[in-house]
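Note sheet for the following structure.
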């Protein structure tokens, strides 16, 4: 695939007023979510849940793409329509999570590195045949006593860059996700410093691996105080710090940035995105790639009656997509939500 085609896909992923829904939970992760609402984590229940989400009427009005798990990209609706076809028929670009999760970084206690590069070229080739047009790889940066180290940050940046280069070789837009974790007692200034160093390392590594930024999307975490810091930053403080950090580190050639919710409440994730988009001109579109912040309310409704509550659950999914789509334009009105 040419750089022009990759760039076209990347731009479609961050089209005005649209964002990404992340439904790429591993089997163990979705089991925890199903357990929390009393649903048995069978393959059929997982398939039915993903069909409930992806079958939301008019979802494509506010959702440009969806990140799927390996199991999900191979599944179909109850009527036998492949999920990828259902998505494309509704203007939603199929994406796929390709990393194999985090593992302890040897020699660096408290730090992790994401694995999954072995055999990745062949897996990406298969995912492209199955309909995926973008992929996602998540790195995890923890903040604590004497961490992260430069080695830990650089190891994850290097893996992200190798993954991104392989994606573009196979015609897939890489979504690079260096998540600075909210857990911890750090203040907002520390989060800013770690995020800045992480992004500088990431883009240096992408450059070294000849990754074409015009066909790449950044999935970023917001600059926010640690969950046990006791510090409460306002919506405007988080938005301003995040935007300043991005402007100092992210090249203007990037087609767009989508944010992860990272454990924020549904409303906070939307409010922070909206505030950033109200803060004047930016070099790139700012949108969303939310998982729990898109799904949590719908999952609780659906769990009460797996067949009888589908319409109500889908209504909630659409409303969350609409609200975040408005926030991506800086037009969300909390009082009207």
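In the numbering used here, the protein residues as written are 5 to 341.
Idealized CB from N, CA, C, for every residue including glycine.
Just measuring C-alpha positions, the residue of 26, 53, 174 sitting nearest residue 305 is 53.
Secondary structure of residue 252 (DSSP, three-state): helix. Of all C-beta pairs linking the region 111 to 125 to the region 158 to 176, three or more are shorter than 8 angstroms, placing the two stretches in contact.
Look at residue 99 here: in three-state DSSP terms it is strand. Look at residue 32 here: in three-state DSSP terms it is helix.
Distances from the alpha-carbon of residue 196 to those of 60, 272, 246 put 246 closest. Taking 8 angstroms as the cut-off, the beta carbon of residue 325 is found no closer than this to the beta carbon of residue 277. About 6 angstroms separates the Cβ atoms of residue 136 and residue 176, confirming a contact at the 8 angstroms cut-off. Here residue 288 carries a coil assignment [DSSP, helix/strand/coil]. Residue 322: member of the alpha helix (DSSP H) spanning 314 to 331, first to last residue. Of the candidates 250, 260, 301, 261, the residue whose Cα lies closest to the Cα of residue 270 is 301. For residue 91, the enclosing alpha helix (DSSP H) covers residues 87 to 93.
Of 314, 241, 297, 171, the smallest CA-CA separation from residue 217 is found for 171. Residue range 138 to 145 is occupied by the beta strand (DSSP E) that includes residue 142. Secondary structure of residue 194 (DSSP, three-state): helix. Burial of residue 320 is indicated by the presence of at least 16 other C-beta atoms within 10 angstroms of its C-beta. In this structure, residue 179 lies near residue 139, with their beta-carbon atoms less than 8 angstroms apart. Listed in chain order, the non-local C-beta contacts of residue 42 below 7 angstroms within the same chain comprise 307, local neighbours out to five positions each way being set aside. The three-state secondary structure of residue 6, taken from DSSP, is coil. Between the alpha carbons of residue 134 and residue 50 lies a gap of roughly 19 angstroms. Three or more beta-carbon pairs drawn from the region 288 to 299 and the region 18 to 34 are found closer than 8 angstroms, and the two stretches are therefore classed as touching. Measuring C-alpha to C-alpha distances from residue 165 to each of 154, 183, 210 identifies 210 as the nearest. Membership of residue 48 in any beta strand (DSSP E) is not indicated; the residue belongs instead to the alpha helix (DSSP H) covering 47 to 58. Distance from residue 224 to residue 263 at the Cβ level is roughly 6 angstroms; contact confirmed, criterion being Cβ atoms closer than 8 angstroms. The C-alpha of residue 248 lies about 16 angstroms from the C-alpha of residue 229. The C-beta of residue 6 has fewer than 16 other C-beta atoms within 10 Å across all chains shown, which makes the residue exposed. In the structure shown, residue 237 adopts coil according to DSSP, grouped into three states.
Cβ contact annotation for residue 73 (same chain, cutoff 7 angstroms, sequence separation greater than five): 28, 29, 30, 101, in chain order. In the DSSP assignment, residue 68 falls within the beta strand (DSSP E) that extends over 67 to 72. Collapsing the DSSP output to three states places residue 213 in coil.
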